[in-house]
Amino acid sequence: MNNRDDMLRSRRDAGRGQRGATIYRLPYAEMEQGPKKKRKLRSWFPRSRWVKKTRNLAGAVIVGIAVLGTGVWAGNKWFGSPDVTGQTVVQEIRDLSYLTTAEAVVMTTLEGEDAYRFYNVELPGTKRFFHIDVPAKILIGIDLKKVTPSDIAIDQQNKQMTITLPRADFLQEPNIDIDKVKVFSEEEIFRKKMTPDEQQEFLVEAREKLRQEAKENGILQTAEERAVRVMQQIYKPVGYHVNVAFK
173 MNNRDDMLRS
183 RRDAGRGQRG
193 ATIYRLPYAE
203 MEQGPKKKRK
213 LRSWFPRSRW
223 VKKTRNLAGA
233 VIVGIAVLGT
243 GVWAGNKWFG
253 SPDVTGQTVV
263 QEIRDLSYLT
273 TAEAVVMTTL
283 EGEDAYRFYN
293 VELPGTKRFF
303 HIDVPAKILI
313 GIDLKKVTPS
323 DIAIDQQNKQ
333 MTITLPRADF
343 LQEPNIDIDK
353 VKVFSEEEIF
363 RKKMTPDEQQ
373 EFLVEAREKL
383 RQEAKENGIL
393 QTAEERAVRV
403 MQQIYKPVGY
413 HVNVAFK
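My numbering applies: residue 173 is where the sequence shown begins, and numbers increase by one.
Laid out in structure tokens, this is it:
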């Protein structure tokens with residue numbers, strides 16, 4: 173038994189009484205134990221970070237494939253047949269109604285003063301000042317279900333399509349959040365507090381004001397611009413250039 177074996181045995185015996193495993197690092201190579209194993213190259217980057225980046229890259233590739241697949245699927249679904257008719261396009265456009273809607277959270281204010289009158293004469297002590305903040309949600313969009321085959325012009329040879337859409341409009345009345353309406357009022361001595369009927373009258377006025385302010389702020393135009401982008405992007409994967417007009 174040579175010095176090397178004695179040294180290994182003594183170090184193993186000494187480590188048996190210790191808790192846990194002991195790793196021995198030889199001072200010289202084990203030439204007689206067979207061919208030398210090929211060393212694995214270690215990455216310059218921490219393994220966990222490399223794995224994370226690899227997974228992210230794989231995820232991005234999968235998403236890209238999914239997007240391309242969606243375009244191919246759309247092309248096969250809409251233009252799988254050699255003849256593209258206006259009726260086919262109309263049916264697909266009607267299914268996209270929800271893509272052209274936009275919801276806006278808005279607020280308007282009603283402010284003023286009034287008084288009881290008798291033959292157009294203001295009664296003393298009946299004046300009232302009021303200030304009302306009215307928050308609401310407005311749903312705006314284009315009703316694509318109104319599109320008919322006559323609104324579609326298709327040039328199959330040049331891959332051109334012209335779609336005439338209705339103008340954007342309010343899809344429903346402004347939805348006032350009653351719980352968040354704030355009413356401030358100051359009444360003179362002979363003026364009663366605001367009644368529920370008066371509050372309803374103010375809400376009707378507020379809805380009309382909300383519609384008018386939405387038009388002035390360009391919300392309807394925003395919905396139309398969104399509809400144009402949707403029409404152009406949805407047919408781009410199948411090679412059609414889309415022109416959009418409004419009637």
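All C-beta atoms in this analysis are idealised placements derived from N, C-alpha and C, irrespective of residue type, glycine included. All values derive from a computational prediction rather than experimental measurement.
- The region 391-407 makes no contact with the region 299-306: fewer than 3 CB pairs, one atom from each, lie closer than 8 angstroms.
- Counting other Cβ atoms within 10 Å of its Cβ, L316 reaches 16 or more and is therefore classed as buried.
- According to the DSSP assignment, A276 belongs to the beta strand (DSSP E) that extends over A274 to D286.
- R339 sits in coil when the DSSP states are folded into three classes, being neither helix nor strand.
- Per DSSP, reduced to three states, the secondary structure at F374 is helical.
- In the DSSP assignment, I310 falls within the beta strand (DSSP E) that extends over R300 to G313.
- Ranked by Cα distance from G313, the first of A287, S269 and G284 is S269.
- Only buried fits P307, as 16 or more other CB atoms lie within 10 angstroms of its CB.
- Nearest Cα to T280 within the set A386, V400 and E373: A386.
- The region 370-388 makes contact with the region 337-354, as at least three CB pairs between them are under 8 angstroms.
- In the structure shown, M403 adopts helical secondary structure according to DSSP, grouped into three states.
- Following the DSSP letters along the chain, one finds V416 inside the beta strand (DSSP E) bounded by residues H413 to F418.
- D286 and L343 have their C-alpha atoms some 34 angstroms from each other.
- When rounded, the separation of the alpha-carbon atoms in E358 and E294 is 17 angstroms.
- When the five nearest sequence neighbours on each side are left out, the beta carbons in the same chain lying within less than 7 angstroms of the beta carbon of G258 are those of P321, I324 and I326, in order along the chain.
- Counting other Cβ atoms within 10 Å of its Cβ, V277 stays below 16 and is therefore classed as exposed.
- The beta-carbon distance between V414 and M333, rounded to whole angstroms, is 5 angstroms. This is short enough to meet the 8 angstroms contact definition.
- Where I324 is concerned, the enclosing beta strand (DSSP E) starts and stops at I324 to D327.
- In the assembly as shown, P346 is a buried residue. Its beta-carbon has 16 or more other beta-carbons within 10 Å.
- Relative to V410, the option among N330, D349, R339 and I348 whose CA is nearest is N330.
- Nearest neighbour of Q263 by Cα position, chosen from I335, T273 and K309, turns out to be I335.
- The C-beta separation of L382 from I265 comes to about 29 angstroms, leaving the pair out of contact by the 8 angstroms criterion.
- In the three-state reduction of the DSSP assignment, K318 falls in the helix class, which pools H, G and I.
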